[in-house]
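To start, the structure under review is shown below, and the notes come after it.
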Amino acid sequence: MDTIQASEFKAKCLALMDEVARTGRTIVVTKNGKPVAELRPHRPPRAKSLIGLHKGQTKILGDIVSPIGTGLWKALK
């Protein structure tokens with residue numbers, strides 16, 4: 008994690024934002040030697056639930072309810 012003083016951050020803000028987006032590294036902004044803020048790359052929020060995560064991305068080919076064959080399942084005999 009890199010650190011930078013607030014006055015220097017103010018002067019180089021846009022260039023630092025590009026650098027963080029490109030490298031993915033976090034920069035800590037300090038004021039009087041104490042950390043006050045972090046500049047880090049944006050990451051989209053993760054899905055809260057796995058249910059519906061792949062909605063619209065799958066295809067059902069054929070019958071998914073009927074058994075494949077009676078010879079494969081001992082319970083069907």
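The opening residue of the sequence shown carries number 8 in the working numbering; numbering runs sequentially from there.
Where is the CB? At the ideal position from N, CA and C, for every residue including glycine.
Rounded distance between the beta-carbons of residue j and residue i, thought under 8 Å
i	j	result
residue 36	residue 18	That pair is no contact at about 12 Å.
residue 47	residue 27	7 Å
residue 33	residue 45	6 Å
Collapsed DSSP secondary structure at residue i in the structure displayed
i	result
residue 35	strand
residue 43	strand
residue 57	coil
residue 72	coil
residue 30	helix
residue 19	helix
Beta-ladder partner(s) of residue i, from DSSP
i	result
residue 10	35
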